[in-house]
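Here the sequence shown stands for residues 303 to 501, numbered as in this note's numbering. Ideal Cβ placement from N, Cα and C applies to all residues, glycine included. This one's a predicted model, so the numbers in the text were calculated from it and none came from an experiment.
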Amino acid sequence: MLKFYRILLLPLTAVFLASTAGVALYAADSCTQSRMHRQLAAQTEKFPDDAVSTGNNFLPQYQALYAQNSDLAGWIQIDGTGINYPVMQSKHDPDFYLKHNFEKADSPHGCPYVQANCDLQTPSDNILVYGHNMKDGTMFSDLLQYKREFFWEQHRIIRFDTLTAQTEYTVMAVFRGEAEDLFAYYHCANAETPQEFAA
303 MLKFYRILLL PLTAVFLAST AGVALYAADS CTQSRMHRQL AAQTEKFPDD
353 AVSTGNNFLP QYQALYAQNS DLAGWIQIDG TGINYPVMQS KHDPDFYLKH
403 NFEKADSPHG CPYVQANCDL QTPSDNILVY GHNMKDGTMF SDLLQYKREF
453 FWEQHRIIRF DTLTAQTEYT VMAVFRGEAE DLFAYYHCAN AETPQEFAA
């Protein structure tokens, strides 16, 4: 019987060590991503007033970030929350930032990104921005608080800058659902008629 317990102990120990390693890696990635996002946010706040144009009409606070990663599409922020992130867009690999960070390194946190067929310059009728709801409270997890009216009253404005324009959006409605049960929102970037837009 003692031999049986020893044999059983080996796989249980292996599972425990693998689980511990997984949790440690997740925690380390969480710290790394938080530090990186703070540094990126600081770059958007501290830029020279006499920033030299690089031949484009980008806002000066995004010039340096765009030079670091040309997939940069803008910046999203909701005051009073942890949402303060670069927003990416990859036309050739639409879901690349689902599992990659701003530096294009693998990360379960990913980076907020715009659906590939959305045009930020025209702009599209709807701009679809994807981001994770992380259990560590980062990325878009604060959006779940909108189910409380008090939170909505205090956080009605979402600031979403593109590379060329600063814009503010007012939260008018919120709903939550499981992905497989939702309507096909990903088809709603552009409507061909006013009736289709209303629908």
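Member of the options whose CA lies at the smallest distance from the CA of residue i
i: P396; options: R450, Q417 and E405; result: Q417
i: V473; options: Q456, E480 and A375; result: Q456
i: C413; options: L446, F360 and M441; result: M441
i: D373; options: M436, V389 and I460; result: V389
i: Q363; options: R461, A493 and A343; result: A343
i: L446; options: I429, N386 and G479; result: G479
i: K449; options: A475, N419 and P425; result: A475
i: I378; options: N359, T495, T424 and L465; result: L465
i: E347; options: S332, Q365 and K437; result: Q365
i: T495; options: D427, D483 and F404; result: D427
i: N358; options: A467, D483 and G382; result: A467
i: I385; options: I460, N492 and Y488; result: I460
i: Y471; options: M436, I380 and Y368; result: I380
Coarse secondary structure for residue i, derived from DSSP in three states
i: T334; result: helix
i: R461; result: strand
i: L484; result: coil
i: H489; result: helix
CB-CB length for residue i against residue j, believed under 8 Å
i: H411; j: H434; result: 6 Å
i: N371; j: K393; result: About 14 Å; that fails the 8 Å criterion.
i: Y387; j: Y399; result: Rounded, the Cβ-Cβ distance is 11 Å, inconsistent with contact.
i: L422; j: A375; result: 6 Å
Residues bridged to residue i (per DSSP)
i: E470; result: R461
Cβ of residue i within 8 Å of any chain D Cβ
i: G479; result: Absent here is chain D; the protein component of the structure consists of one chain.
What ranges does the alpha helix (DSSP H) occupy inside the segment 351 to 436, keeping only unbroken runs of at least 4 residues that lie completely in it?
362 to 370
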